[in-house]
Structures are given as structure tokens and as C-alpha cells.
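Following: one structure in C-alpha cells, then a few remarks.
Numbering (our numbering), first residue to last: 5 to 263.
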């Protein structure tokens, strides 16, 4: 059953300058802007004018409502916007549309406990560049907000991001649909240079805790990234980049646009 929600359709942008930049970017579709009633000044006037030019609805609301929407009252500056992200979808809905050959299965990256927005943004950019989708759990992951968008250099608006309740739920759904979870493990006897299953669900663990035991139990394979000169580990974004582009190389084709 689908666990979709409105947050599976939009990237939430907050802060006066980020919202204005979204309104000025003609390639983005801004669904609506919500401005706190106390918010005023030249920057607010400028973004309101930009919204009028684009025909974007603007709602004036209490500051508390803006904070509920942004989930970051310290930094939202009384302004929040929903930007349509065509690549956002509920994982189960996406898998249902992929069944029966309607969509070509692609490799995916599953985030398990990655909490740093900068890492999430870089992972979105890496995965998209390698032709992969990203499973971003609703629990234990940051929202697709300005920090993620900035770290992704704007790719977050267009990345194929699939939402699941948790990383465990996401992996279970992928396994049931024929994907093979692969985790990176420095002690694994087999390296990522060896053939990887198709389609692969590459699981990337958190910055401090790594991959959780429930997700690890679902992994069919463990692969190591060979390291030299006494280097014993890579950060999550770097490790994901190495593995993602090795997957792309193994597919023997340049990454194609996401469906």
C-alpha cells in the first residue's frame, strides 16, 4: 500500500533568498508561497512581486504556521515555498509503475541513517549523475530543504527521489520487486570491481552508526572498496560515488535520463 504524502511531491524551500531564487528560476514550478504576516521589508516585497509575475499563489499566515511548514523556525525568515519536484515519488508507487515492464528497472541508492544534509545533497548529485534513483526514508533522514538543495547544486529539484517510511521498509519493498541490496563493507572478501547484481540497491549507512542491523540482515551481498596506503575508510558521499560509478561502468552504457 502506498505511503505517499504531500511531501512526496514537493521540495520545501524556506528563507527569503532561497524562495526568491526558486521564483526567479523559470525552469522550476513553484506551487505556492506562504509568508508570515509579520514578515516585511524590501526582500519580502521583491519575492511577492516575483510570485505575482509567475502567477504563484501567496498565502499570508501566522508565523507559527510557517514554522510548522518549514520545520525550521530559526532560519525560515517567515517565508516558505513548495517547489514541484517531478522526480519525487513514493517508493511503492514507483515500483508498481515499474512492474510489468512499463519502466526499465534502474539501480538505486538506499540511505540508511545518513543525517547530514550536506551528505544527502552530495549523494543526490552523485546518484543522479550515475543514472540511479535514491531511496530517502521519511524517518531518520533530513527533509529536502535548502541545505540539501545547496549541497546538491540544485540537482535535488530534479533527482529521482523515492520515499519510504524507513530504510528497512524500503529494502523490503525493493527485495520483493527483484532488487538485490548490496552494502559496502571494508572487510568483505569481494570487491565492488566484481560483477554486481542487476538491478542493485546500493545501501549507504549513516555517518556514525553505519548500516543498521535490520537493513544489514536484508543485504544479499557485501562488497569492499579496495583502499591503499593505510587509508581505512571513506566518507559516505565519497564511498557512494566510487560504488555508483562502478555500477554505471558495469552497465556498459552512459547513464540514461531517469524515467
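Yeah, the Cβ is synthetic: ideal placement off N, Cα and C, and Gly gets one too. Keep in mind it's a predicted model, so treat the numbers as computed, not measured.
Have a look at residue i and residue j and give me their C-alpha separation to the nearest angstrom.
{"i": "residue 229", "j": "residue 176", "result": "25 Å"}
{"i": "residue 32", "j": "residue 234", "result": "45 Å"}
{"i": "residue 36", "j": "residue 100", "result": "29 Å"}
{"i": "residue 40", "j": "residue 49", "result": "13 Å"}
{"i": "residue 102", "j": "residue 138", "result": "15 Å"}
{"i": "residue 5", "j": "residue 255", "result": "Because residue 5 carries a pLDDT of 41, less than 50, the predicted location of this residue cannot be relied on, and no value is offered for it."}
{"i": "residue 23", "j": "residue 156", "result": "17 Å"}
{"i": "residue 146", "j": "residue 242", "result": "19 Å"}
{"i": "residue 128", "j": "residue 148", "result": "10 Å"}
{"i": "residue 211", "j": "residue 66", "result": "37 Å"}
Relative to the C-alpha of residue i, which residue among the options is closest?
{"i": "residue 226", "options": "64, 197 and 192", "result": "192"}
{"i": "residue 63", "options": "82, 47, 45 and 120", "result": "82"}
{"i": "residue 16", "options": "24, 86, 248 and 156", "result": "86"}
{"i": "residue 189", "options": "201, 130 and 206", "result": "206"}
{"i": "residue 60", "options": "244, 27 and 210", "result": "27"}
Would residue i be called buried (16 or more neighbouring beta carbons within 10 Å of its own) or exposed?
{"i": "residue 221", "result": "exposed"}
{"i": "residue 258", "result": "The predicted model places residue 258 with a pLDDT of 42, which falls under 50 and marks its position as unreliable; any figure quoted below should be read in that light. Looking at its Cβ environment, which holds fewer than 16 other Cβ atoms inside 10 Å, residue 258 is exposed."}
{"i": "residue 197", "result": "exposed"}
{"i": "residue 223", "result": "buried"}
{"i": "residue 239", "result": "exposed"}
{"i": "residue 20", "result": "buried"}
{"i": "residue 236", "result": "exposed"}
{"i": "residue 250", "result": "buried"}
{"i": "residue 131", "result": "buried"}
Decide if the segment 164-176 is in contact with the segment 82-101; the criterion is three or more beta carbon pairs, one per stretch, under 8 Å apart. yes
Mind the definition here: the segment 119-126 touches the segment 150-161 only if three or more C-beta pairs lie below 8 Å; say whether that holds. yes
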